[in-house]
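Enquirer: The opening residue of the sequence shown carries number 17 in the numbering used here; numbering runs sequentially from there.
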Amino acid sequence: MTQASTYNELSAKPATSGSSKISARDAVRREALRYFSSNPGPDCVGPNTSLHSRARRCLSGEEVSLEELANLSSALLYRNAVTELAQKYLDVMAIAPVCDFHEFDHQFLGDKKLKVLASQTDAYRMMREADLFFQNTAIGQPHNEPQMFVLHSLLAAGFLPGQGFEEKLEMAKSISGRESTLFLFLKERTLKLRDSDETEGDCLNLLRQNCNMDQEFEFEKRVVRGKVD
């Protein structure tokens, strides 16, 4: 964009007169708060660093361009969607989650018993090769926690390779094609913006597709600097 439109805490307005209940920035803030509430891991982890920095900036009172909001909305939608997809896979496999997703952090990832079990049984490789979680850098850096959440839930439920693990993965694959449609559309929309002149209208169009701007902001409005509590 030649001149970046900026949105700050004081001047944020709905993107289109009379057609949206919340501003573009608040729509992206809502997705950022939803993302952080899932406990996505520390900021210092490689795939998280850039996204978390941009999301926290959006949550703060700093000015953010409309182009930045549009690109951030794609990255947040991707991560929130793959998190929801993990639960959909567990539902179709009829597996109870090992815990609530927001409680699944590096304590679980560091569980030596499950790590050894996954390594010894080749479960890690099999989960990766199942390709259940769409990944494409055009819409965001890989988010591995949902995949690990499904894997740990399977192992904790007693489904090991050769003991029902493969059958459960096939159940998940039965819906993966349908569920990946969202990500393919998201990739197409994001690349279309990058290939355009990135006008204000292009950015607003992507924001409307990625975020529900006709839904009220259900989170507490606040300026967040640094860590989200």
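We put the CB at the ideal spot given by N, CA and C, even for glycine. Given the structure is predicted, the values throughout are model-derived calculations rather than measurements.
Among E78, R194, L223, which has the Cα closest to the Cα of F150?
Expert: R194
Enquirer: Near Y51, which residues of its chain fall below 6 Å by C-beta distance, leaving aside the five closest residues on each side in sequence?
Expert: Scanning its chain for C-beta atoms nearer than 6 Å, with the 5 sequence neighbours on each side dropped, one finds around Y51 the residues L92, R95, N96, in chain order.
Enquirer: Residues bridged to L130 by DSSP?
Expert: L130 is not bridged to any residue.
Enquirer: Does DSSP put G178 in a helix, a strand or coil?
Expert: coil
Enquirer: I need the DSSP call for G156, collapsed to helix, strand or coil.
Expert: coil
Enquirer: Using three-state DSSP, classify T137 as helix, strand or coil.
Expert: T137: coil per DSSP, three-state reduction.
Enquirer: Three or more C-beta pairs under 8 Å: does that hold for the stretch 100 to 116 against the stretch 213 to 231?
Expert: Too few Cβ pairs lie closer than 8 Å, so no.
Enquirer: Which residues in the same chain as L130 place their Cβ atom closer than 6 Å to its Cβ, once the five residues preceding and following it in sequence are excluded?
Expert: Counting only Cβ-Cβ distances below 6 Å, and skipping sequence neighbours, we find H168, L171.
Enquirer: From what residue to what residue does the alpha helix (DSSP H) around L200 run?
Expert: 197 to 211
Enquirer: Do S76 and V44 have their CB atoms nearer than 8 Å?
Expert: Between S76 and V44, the C-beta gap is not smaller than 8 Å, which leaves the two residues out of contact.
Enquirer: Identify, in the order they occur along the chain, each residue of the same chain with its Cβ nearer than 8 Å to the Cβ of Q103, setting aside the five sequence neighbours on each side.
Expert: P113, F117
Enquirer: Using CA atoms only, rank isn't needed, just tell me which of L207, L198, S196, S190 is closest to D107.
Expert: S190
Enquirer: Can you tell me which of the three DSSP states C60 falls into?
Expert: coil
Enquirer: Since A188 contacts L148 with CB under 8 Å, what's their CB separation in whole angstroms?
Expert: Contact flag correct, Cβ pair sits at about 5 Å.
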